[in-house]
Each structure stands twice: as C-alpha cells, then as structure tokens.
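Asker:
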Amino acid sequence: MRQEQSIGFLQRLFPIFLALIGVGIISISFAADMLGLGSGGSFGTNQFFLILSGTVILLSGIILLLSSPQRQIVERVLLVTGAIAVASMADLFVFGPLAGATYKYVLLAVVLLSFVLMNVLARNQEKANYFANLGELIKIDSQVALQFVGFVLQLGLLILVVREFKLENQAFYINLLQATFYGFILHYFLPGPHRLPFFLFLSLATLLGILGIVNGLWIVGTGLLLLGILHLPLAFRFRMIILALVVILLTIARAGVIQILPPVIWPILSSIFMFRMIIYIYDLKHSKKPFNFWSSLSYFFLLPNVVFPFFPVVDHTTFNRTYYNEDQHRIYQTGINWVYRGVVQLIIYRAIYYYFAISPLEVDSPFELVWFAYSSFLLYLQVSGQFHLIIGLLHLFGFNLPLTNDKYFLSTNFSDLWRRVNIYWKDFMQKIFYYPSYTWLTKRGISGTPALVLTTIYVFTATWFFHAYQWFWLRGSFLLTVTDVTFWVILALLVIFNTLRETKQGRVRTLGNKTPTNKEIVMLGIKNMGTLSFLTFLWTMWTSPTLLDWLGLWSMALQPSNILTILGIYALLTVGFIGANWYFKKFIPSRPVNKAPSQLLRLALVNSAFIFGIFLLGNPMFYNRVGGQVKTLFADLTTSRLSDRDANLLLRGYYEDLIGVNRFNSELWDVYSKRPTDWPLLQDTPAAQLTDDFRLIELNPSVSLSFHGEQFTTNSWGMRDKEYAVTAAPGTYRIALVGPSFIMGSGAADSEVFEWVLEDQLNAEYGGQKYEQYEILNFAVAGHSALQELYVFEQTALQFQPDALFYFAHQLEQTIVVRNLANRLKNGVELPYAPLIDIVNQAGLDPATQTQDEMDTLLQPYGEEIVAWTYQYLADLCREKGILPVWVFMPTL
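Following the numbering used here from start to finish, the sequence shown increments by one per residue and tops out at 1522.
(1) Does the separation of the CB atoms of V1382 and F1435 fall below 8 Å?
(2) Is any beta-carbon of chain B found at less than 8 Å from that of V715?
(3) Have a look at S1076 and Q783 and give me their C-alpha separation to the nearest angstrom.
(4) So is Q799 buried or exposed if we call it buried at 16+ other beta carbons inside 10 Å?
(5) Mind checking L1161: buried by the 16 CB within 10 Å criterion, or exposed?
(6) If you measure between the beta carbons of A716 and L736, is that distance less than 8 Å?
(7) Which residues in the same chain as W1047 place their Cβ atom closer than 7 Å to its Cβ, once the five residues preceding and following it in sequence are excluded?
(8) Determine the direct distance from the alpha carbon of L1230 to that of V875, and round the result to whole angstroms.
(9) Between which two residues does the alpha helix (DSSP H) harbouring T731 extend?
(10) Skipping 5 residues on each side, what residues in its chain have a beta carbon closer than 8 Å to that of Y1420?
(11) Return the Cβ separation of I889 and N934 in integer angstroms, given the expectation that the two are a contact with Cβ distance under 8 Å.
(12) Taking DSSP as the reference, what is the three-state secondary structure of N798?
(13) What number of angstroms, rounded off, separates the C-alpha of R1049 from the C-alpha of Y1037?
(14) Compute the distance between the beta-carbons of I680 and I655, then report whether it is under 8 Å.
(15) Whose C-alpha, out of I1150, G845, L695, is nearest the C-alpha of R641?
(16) Taking all protein chains shown into account, do 16 or more other C-beta atoms lie within 10 angstroms of the C-beta of N1034, making it buried, or fewer, making it exposed?
(17) Find the nearest neighbour of V886 within the set T1084, D956, G1105, judged by alpha-carbon distance.
(18) Between the C-alpha atoms of L931 and F1026, what's the straight-line distance to the nearest angstrom?
(19) Within 10 angstroms of its Cβ, does W1385 collect 16 or more other Cβ (buried), or is it exposed?
(20) Among T1085, N1051, E1339, P1031, which has the Cα closest to the Cα of F1062?
(21) Please name the residue, chosen from Q1440, D1432, A1463, G1457, that lies closest to G1511 on a Cα-to-Cα basis.
(22) Is it buried or exposed for A834, if we count other Cβ within 10 angstroms and need 16 for buried?
(23) Using the beta-carbon count (16 or more within 10 Å), is Y811 buried or exposed?
(24) Of the residues V1458, G1492, N1456, N1452, which one's Cα is nearest the Cα of Q1471?
(25) If the criterion is Cβ atoms closer than 8 Å, does the pair F827 and A719 meet it?
(26) Go to Y1053, then tell me how far its alpha helix (DSSP H) extends in each direction, as first and last residue.
(27) Would you decide whether A1365 is buried or exposed? Buried here means 16 or more other CB atoms lie within 10 Å of its CB.
(28) Please report the straight-line C-alpha distance between G1247 and K795, rounded to a whole angstrom.
(29) Who are the Cβ neighbours of N748 in its own chain at under 8 Å, not counting the five residues just before and after it?
(30) Shortest alpha-carbon distance to S1414 belongs to which of G1397, F1408, N1449?
(31) Helix, strand or coil for L1025, going by three-state DSSP, please let me know.
(32) With DSSP collapsed to three states, give me the class of H816.
(33) Can you give me the start and stop residues for the beta strand (DSSP E) that W1346 sits inside?
(34) Taking only three categories from DSSP, how would you classify F1336?
(35) Near S682, which residues of its chain fall below 7 Å by C-beta distance, leaving aside the five closest residues on each side in sequence?
(36) For W1069, count neighbouring C-beta atoms within 10 Å of its own C-beta (all shown protein chains included) and say buried if the count is 16 or more, exposed if not.
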C-alpha cells in the first residue's frame, strides 16, 4: 500500500518536475551570453536550441498533467515543436553560426524521449497507473532494436555517400537528408495516430527552412487557398468554377503578365499542385470517403518535393491505400533499398554525364553516332535515380508507394516500355484519360479495336500536352516544337501497333518461376536491342533543336559506306542485351523484401557493407593513398560540375551570347536559371549589332546603357573603353587587346573591366619611367573567335599603331572558330582569306544544301589547322609592322 502511495506521489510530482526543468532551461537560454553559451550579445543558434529543448520538456510535463482528451492539443504543439527541432538540427533555422554538435544531440535526445513518452501514454490509456507500469511499457524487443539500428546505420551511410559525392543540389545533400535522418528516428518512436501529423509538420518546417519563411508561407497559403476552394460547402460545379477562376489568375501570373507571387516559388508551387490537384479533384468527385485533413495536406506537401521540382506524379488513392499497409520494418527496408538504388544510379549518371555524353557536333563516324544516341538516353538515369530517392525517402515515413521505374532498359517493345518507364505517369494517364474515355466510347457503341486506338491516341495527345503544360508551370513558357510533337506522334503509333499485336496474339507477361531457356533469353535480348535502339534513335530527334538538325546528324552516318559498320555495332549491342538478360533471369530473380526479421537484418548488413565500400571509394583519405588514375577519377566524380560538353555550351552561350540552352541539360539550366528572366543578348541592345561581313557582330560607337546589371559604355570608335586618339602621344606605349566577351568585360562595370584596371595600375606604378604612359585599347567583342579577332586587328586595330598585341585565347578556340566560320558561310559572307577558302573546299562544304550544324561537323577535323593558321598569320603580321605579339591563355571556367 505504501509502495503504491509512493508511486502515486512520484507520478504526480514528475510532470511538475519536468515543467519546472523546461521553464528553467528556457530561462537559462535568455541568460546564455552571461554563461558563455550565446553569440556575443546577439541571439544565437545555441540559445535557440536551448529554448527548443526547454519547450519540449515543458510540453511533456503539461501532457502528463492532463487527461487523455485534454492533452491532444498540447501533443499537436509538441509535434510542431519536434518538427521545428528537426529542421533546426538540419541547419535550416540558424541565427549566426551553426549550433554545436552537443546542442544537436541534446535536442535530439530530448525530443526522442518526449516522443517515447507519448508512445507510452498511447499504449497505456489509463494514465493513473502509467508510472507503475513504466518498465513494462518501454520494454524493448531485441530483434526490433537491431532492425532499427540497421535502418539507422544504412540511412546514415547513404547520407554520407550522398554528401561525399555532392549528389543533386546542396539543399538536398546538406539539409533535406539531415531532416529526413533525424525525422525518421523520431517518427519511428511515435504512436500511429501522431505519425502522419508529424510528417506534415516536418514537411512544412523543411519547406519554410529551405525556401525561407516568407517564400514558404506564400506556397503554403496558396495551397491552402486551393484546397479550401475544393472543400467549400457548395455544389461541385460551383467549386470548379471558382477554382478555374483562381487558376486562370495564376496562369496569367506565371506567364509574367502580372506579379502576384514571388518568382522564386513558382517551380516548387507548380510541382506540388499542377498534377496532384488534377488527381485530387478526380478522387474528390468519384470517391465516397470522408475528407481527412492530415492525409490530404500530407499528399500535397511531401517532404522531398521542396528540393525536387521534377517530381513523380503520385496518385492520391494509392498514397492513402498504401500508407502502412504492411509490416513497417519491411516498408522501411524497401525504402532504404530504393534510396540505395537511386544513389547508385545517380553516381552512374554522373560518370556517363562527365565522361561519355558527347555533343552532336562531335559526331563524325557511325560509332560516335550510336555512342551519342545511347549516351543521350542514358542520361535518363538522373530522372530514374531521383525518383527512386524520392519514393524511397517517403517509405521511411510509412508511404509504401510502388516502384517508379522498372528495368526499362530490358523493355521488349514499346508497350512494354510504356509500362516500365515512369510508371507513375502511365498510371496517371490511364486513370484520368484512358479508362474514362474508353468507358465513354463503349457506352456509345464503339468498342474493341477502334476504342483501343482512339483512347491510345487521346492518351498520347494528353501526354504531349501535359509535358508542355509541365514545362510552362516549371519554367514559365509553353513548349511547342516540331521535334517534340513528332516524337510523341511516332511513339503513340508504335504503342498502338504493339498493343494491337498483343491484343491479337496475347501478351506473354512473365516466364513465371521457371528458368527461361537459352532461346527465350536470346529472343529477349534481340527485342531489347531493337526497342532501345529505336528509342534512342527517336530520343536524338526529341533532343534536337529542329528536324533538319536531326536529319543532318543521321544522314552523314547512314551513308551506304557506313551501313555495315552500323549493323556491326548493333550486333555487338545485341550480344550485350542477351548477356544482361541471361544475368538477370538466371541469377537475379525478382523477389520482394523478406518479412522475416532475420532476413531484414542480413540485408541491412549486406547493404551497409556495400554502401560503406562506395563511401570509401569516394573518400579522399582512400583515393589519395591509392593515387594515380584512381585518385583523379574519384576526386572528379565527387565534385559537382558541368561536363565538358555543357561547359562548352556555357562558354558559347553565356560568354558569346550565341547558343541557346538545350532543354534537357538540367545542370546547365541550373546555371542559367540564376540569370534574371529579362537577361538580354548583347546584339539585342543598342550597344551592338550583327553584321553581314566577316566580323559577325560589332559594338556601336558612343553608347552608354545598363547591360546585365552593370554600366556598359563604348567610345566613339566602337570599343568598350575610354576615348583614345588614333595617334598616341609621344612617349606612350600602346597595347591592343583582342578577345571574346570575357575580355570585353561582359557583366562587369566599365571601371571594373580588367584592362581598364591594368592600365591604371601600370600608369600609377611605372608611368613617367621608361614610358611616359601606357594605353591599353580594348578591341574585344562578345562572339568573336580567333578569325574575327584577326580580322578586327587587321582592319581596325592597326590604324591605332599599337606597340604590342595581346591575344587572349581560351580552351574552346577550335570549337568557336569552327562554329563562327560555319555561321558566316551559311549567311553568305565572302571569306577574306584564301587559305580559309581552300579548307572549306577540302571539307566539302556546300552552304546552299547543308545546315550550319552539318558544316560545323565537317569543319571539326580542320579546327586545329584553322587556329594554327590564324596564329601564324597574326604573328607574321605583327613582325611585319614591328609589333610585339603576346599570346595569353585565359581559362574561362
């Protein structure tokens, strides 16, 4: 009896004790500077962590003081505080320097214990005796504990690998993954009813932390407005009318006509609502299930979405149906497996992107053509890897969503490919367009083959439209190109053909559990090769600027003399596909994750070993010790950069203002997306104009304007420079500069152009000594190659009688000189130098029948010769005029 009274007394005292501790910690945080814990007079991150810790402890005490019905609101407040704590531990809410590790671990432990306490209370509804049964309630099963440790170990190692290789963007590998890691640990110990609200609060806190509170609130507010309209107490058609009006307003704003939202939020806001809203409306109309606040908001505000604008089209019904629909440990392990698979795919993608993907301009043989076609399609590994990561991370919070891509490289026909690649998109099209339209036709007496053909055409028309629609919402412009439309038309016809064939002959869906024969494996390999090869053929068209460019690319390689070589290459590919099928069918049968705890533990250990191996390969301590090519390879692979191909496009597009960004180069888009939307080309301003002579582009004289945010001024001679007389004053040493845009000073203010600074420095330090003064005349123009620089020097700069020529070269001398020469030929400009005419004749160029890209490709082998001739001509010309020629190499990236 006395023992029961003692336990009862402790149970009544314990909540008060917790509340007092919490208040004490909060109070201490305000005196942190006096105690040496603060940030020197200003509110710091350490103090914020102390306040969070104290608040969690205080709320835990209050929860224990309240009865079961009364504590629900306080528990929700505790979940919000826990989500803010996770975002803070992920370095999203900081005040000055980052918090120390000790503060993070203390905060994690405090929140973890509070969530365990909620779990204890949920399992013991009779609060009066929870303290007496505490030992029984928190008893830990050893198998469960080991599984949890296995999950944490695998996830922690995967995060280390992602951070080491710097996969995707910094917000992902620094912030979001930390939030996922801490969030998973805390979420694991929550009782079931609190898990979905905590996931929502964590998603919102991460959104606010990554995008900023103001931007995040705009997204959340807009989302709540849209959802609020859908749940107004009005007839469905009236809700749709109101929603349509709001969407029209948002469309006008996205097009840039008006500005009602911060521009930075559009990609994420669009990614969240542009497809999921369509699915949600469909389910709202057809489903009889009552509205669930937590699941509806969680469906839209999914944790990874804030760093992945290109997001799989998650189905609302599937999202709800698969939430903890089987053993939680199996769901978690499946998620970790998919994250692991996504990480591996992204590393492979990076290797292909860095070392194997080539530009169409580099294609001048049948082998390079096939290489270009396959390497271009293999870049889809980035999308596949991202989708595996996204869905895998959602599994860690109980969303047992299906696979997004399933061995699409082993597709046997185009219908099979449609079922394997981007499965979520296929399901979206079937649910919203295929089944309703097929049913509608059947009711009107159109069935069988006609209905099948018509609905397939309808689905692929919708697919094309919604890709353009997606482009509009993510980037602000509508995609409408001949290559895009042609790609989807051909793909639709192929799927219709395969579908009709399967309908007539029957589809062999699986080989079951029996081991396939060698003949079956060979046939599968041949089908794989045919499907993927034709797809890559179409893919090169989809990624080409125009159909003429695409036809020009293939016409050169498909000449009769090259047909046998092409067939031989595809024969080797067929052998490779047969080998892949033999490996997958014989040794890697498709099996789900085993439910047995011992199997999960064994899988966790195997995964951890492999993940740790990848971590070692990317660790500088390992590859620096190995040295040689291994060190060079992994040091490069763990660096996030542009590939040489995209770096070339960046130099030619950004510095020369001539080349557009290919819409499928996402890394290059990341660089360009940092520009203002109204960033003009130089020739689109009064500062410059295109010419119909060999110069290509020239600066206009006596212009002063703002260009790329800086003052841009030209003198009376059309130079980006000060005013100079044609004849220098006595005792002056005059230098002429020629080069492209980075020498012209694109993006720099007049007084910040380096030749201006150098001239001032020379005169300040050496003026009046050997020479009275120095003058550096800047003849550089954006878009010029070595040939244009030679022409400008000979035609313009020589009249200023320079004492020296500073010629600035860069790493793309050959590429730019070939590109500009092809451009001038295509525009009908007469070449001013006989040796260039000879090279053009040797290359077999015909501007009347060939595209610029075709001529560019034919000239590529002569690039080195053209540059060498230009250098020799310049050097000879300088010596003849008594001018000192100086060659300067200035790398641009």
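Beta carbons: idealized from backbone N, C-alpha and C, even for Gly.
Answerer: Looking at the coordinates:
(1) For this step, residue 1382 is matched to residue 753 along the sequence shown. For this step, residue 1435 is matched to residue 806 along the sequence shown. No; because the gap between Cβ atoms is not below 8 Å, this pair is not in contact.
(2) Checking the listed chains, one finds no chain B in this structure; it contains a single protein chain.
(3) As a first step, residue 1076 is located in the sequence shown; it is residue number 447 there, counting from the start. As a first step, residue 783 is located in the sequence shown; it is residue number 154 there, counting from the start. Answer to the nearest angstrom: the Cα atoms are 52 Å apart.
(4) Taking the first residue of the sequence shown as 1, we reach residue 799 at position 170. Exposed, by the Cβ-count rule.
(5) Here residue 1161 corresponds to residue number 532 of the sequence shown, with the count starting at 1. L1161 comes out buried.
(6) Along the sequence shown, read from residue 1 onward, the residue named residue 716 stands at position 87. Along the sequence shown, read from residue 1 onward, the residue named residue 736 stands at position 107. For A716 and L736, no; Cβs fall outside 8 Å.
(7) For the purposes of this step, residue 1047 is taken as the residue at position 418 of the sequence shown. So the list reads K1055, V1124, once near-sequence residues are dropped.
(8) For the purposes of this step, residue 875 is identified with residue 246 of the sequence shown, where counting begins at 1. For the purposes of this step, residue 1230 is identified with residue 601 of the sequence shown, where counting begins at 1. So the two alpha carbons sit approximately 51 Å from each other.
(9) Reading the sequence shown from its first residue, position 102 is the one you call residue 731. Segment 730–752, the alpha helix (DSSP H) holding T731.
(10) On the sequence shown, position 791 is the one that residue 1420 refers to. Excluding sequence neighbours, Y1420 sits near F1323, R1324, P1461.
(11) Within the sequence shown, numbered from 1, the residue matching residue 889 stands at position 260. Within the sequence shown, numbered from 1, the residue matching residue 934 stands at position 305. Not a contact, Cβ separation roughly 22 Å.
(12) Mapped onto the sequence shown, residue 798 falls at position 169. Three-state result, N798: coil.
(13) The residue you call residue 1049 lines up with position 420 of the sequence shown. The residue you call residue 1037 lines up with position 408 of the sequence shown. If I take the Cα positions, the gap works out to 5 Å.
(14) For the purposes of this step, residue 680 is taken as the residue at position 51 of the sequence shown. For the purposes of this step, residue 655 is taken as the residue at position 26 of the sequence shown. Yes, Cβ-Cβ distance for I680 and I655 is below 8 Å.
(15) Numbered from 1 along the sequence shown, position 12 holds the residue referred to as residue 641. Comparing Cα positions, the closest option is L695.
(16) Counted from its first residue, the sequence shown places residue 1034 at position 405. Burial call: buried.
(17) The count along the sequence shown starts at 1 and reaches residue 886 at position 257. If we check each option's Cα against that of V886, G1105 comes out closest.
(18) Looking up residue 931 in the sequence shown gives position 302. Looking up residue 1026 in the sequence shown gives position 397. Going by the C-alpha atoms only, they are around 11 Å apart.
(19) The residue you call residue 1385 lines up with position 756 of the sequence shown. Classification of W1385: buried, given that the 10 Å Cβ count is 16 or more.
(20) Taking the first residue of the sequence shown as 1, we reach residue 1062 at position 433. Answer by Cα proximity: T1085.
(21) Locating residue 1511 in the sequence shown gives position 882, where the first residue counts as 1. Cα-wise, what sits closest to G1511 is D1432.
(22) Here residue 834 refers to the residue found at position 205 of the sequence shown. By the neighbour-count rule (16 or more Cβ atoms within 10 Å), A834 is buried.
(23) On the sequence shown, residue 811 is found 182 positions in, with the first residue counted as 1. Flag for Y811 reads buried.
(24) Locating residue 1471 in the sequence shown gives position 842, where the first residue counts as 1. With distances taken between Cα atoms, Q1471 lies closest to G1492.
(25) Here residue 827 is taken as the residue at index 198 of the sequence shown, counted from 1. Here residue 719 is taken as the residue at index 90 of the sequence shown, counted from 1. Result no, Cβ atoms of F827 and A719 do not sit closer than 8 Å.
(26) The residue labelled residue 1053 in the question sits at position 424 within the sequence shown. Element bounds for Y1053: 1052–1058.
(27) Within the sequence shown, the letter at position 736 stands for residue 1365. So A1365 counts as buried.
(28) Locating residue 1247 in the sequence shown gives position 618, counting from the first residue. Locating residue 795 in the sequence shown gives position 166, counting from the first residue. For G1247 and K795, the distance between alpha carbons rounds to 10 Å.
(29) The residue given as residue 748 occupies position 119 in the sequence shown. Answer for N748: F818, L819, P820, listed in chain order.
(30) Here residue 1414 refers to the residue found at position 785 of the sequence shown. Among G1397, F1408, N1449, the Cα nearest to that of S1414 belongs to N1449.
(31) Here residue 1025 refers to the residue found at position 396 when the sequence shown is read from its first residue. Here L1025 sits in coil by DSSP.
(32) Position 187 of the sequence shown, counted from the start, is the residue given in the question as residue 816. Of the three classes helix, strand and coil, the one that applies to H816 here is helix, per DSSP.
(33) In the sequence shown, residue 1346 corresponds to position 717, counting from 1. No beta strand (DSSP E) contains W1346, which DSSP labels as neither H nor E.
(34) Looking up residue 1336 in the sequence shown gives position 707. F1336: strand per DSSP, three-state reduction.
(35) In the sequence shown, the residue the question calls residue 682 occupies position 53. For S682, where only same-chain residues beyond five positions count, the Cβ hits under 7 Å are I654, V735, L736, V739.
(36) Position 440 of the sequence shown, counting from 1, holds the residue named residue 1069. Exposed: under 16 other Cβ atoms inside 10 Å.
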